[in-house]
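Worksheet: one structure, shown below.
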Amino acid sequence: MARIVGVDIPRNKKVPYSLRYIHGIGLTTALKLCEQAKVDVDSRVQDLTEEQVVALRDAISELGFLVEGELRSRTAMNIKRLKDVGAYRGLRHRRGLPANGQRTKTNARTRKGKKRTIGLGKKAI
Numbered sequence: 002m003a004r005i006v007g008v009d010i011p012r013n014k015k016v017p018y019s020l021r022y023i024h025g026i027g028l029t030t031a032l033k034l035c036e037q038a039k040v041d042v043d044s045r046v047q048d049l050t051e052e053q054v055v056a057l058r059d060a061i062s063e064l065g066f067l068v069e070g071e072l073r074s075r076t077a078m079n080i081k082r083l084k085d086v087g088a089y090r091g092l093r094h095r096r097g098l099p100a101n102g103q104r105t106k107t108n109a110r111t112r113k114g115k116k117r118t119i120g121l122g123k124k125a126i
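2 is the number of the first residue of the sequence shown in the working numbering; add one for each residue after it.
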């Protein structure tokens, strides 16, 4: 496996699709990086030379993309700022509910977790 920005990318996939395993790089960005580093988009990661891998690393740093830990920490800081300010989106993050206006009467199970039915409970004798 080639190691780029601290991530082992899969060897048997084409280069743009392997680069997507890095947090913060999507397909469009991966294609731009391949163009910048002069790497063929149809080549596999296992066929890359060491110079091409170095060129990809340099292209990521040269184009100034936030990737991996730096991007994760910036996202966490943005959410923390929203919580501290007391913004509506911050409150939604704090409560573990959807923050972008989705309905919650039904759906939203990913954010809300497993359904907990609140019933009558046990009858007292």
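Just so you know, even glycine gets a beta-carbon here, dropped at the ideal spot from N, CA and C.
Counted within 10 angstroms of its Cβ, other Cβ atoms place residue i as buried (16 or more) or exposed
i: I126; result: exposed
i: L121; result: exposed
i: A77; result: exposed
i: L49; result: buried
i: I119; result: exposed
Which listed residue (the options) has its alpha carbon closest to that of residue i
i: L32; options: V42, I23, G25; result: V42
i: V176; options: G97, N13, L20; result: Within the shown structure, residues of the chain are numbered from 2 to 126, placing residue 176 beyond reach of any answer.
i: G114; options: G97, G87, G27, V86; result: G97
i: I23; options: D85, I5, Q53, K14; result: I5
i: P17; options: G87, D85, T29; result: T29
i: K15; options: V40, V8, G7; result: V40
i: S62; options: L34, R110, G27; result: L34
Neighbourhood of residue i by C-beta, 7 Å cutoff - its chain only, sequence neighbours within 5 removed
i: G25; result: F66, L67, V68, E69, L72
i: Q53; result: A38, V40
i: A60; result: L34, Q37, A38
6 Å CB neighbourhood of residue i in its chain, flanking five on each side removed
i: I80; result: H94
Sequence-distant residues of its chain with Cβ nearer than 8 Å to residue i (five each side left out)
i: N10; result: Sequence inspection shows Ile at residue 10; the Asn mentioned does not correspond to that position. Same-chain partners within the cutoff: M2, A3, R4, S19, L20, Y22, I23, V46.
Practice prompt. Say whether the segment 53-68 touches the segment 89-102, bearing in mind that this needs 3 or more beta-carbon pairs closer than 8 Å, one atom from each stretch.
Written response: no
Discussion item. Within 8 Å, do at least three Cβ pairs link the segment 41-56 to the segment 100-118?
Written reply: no
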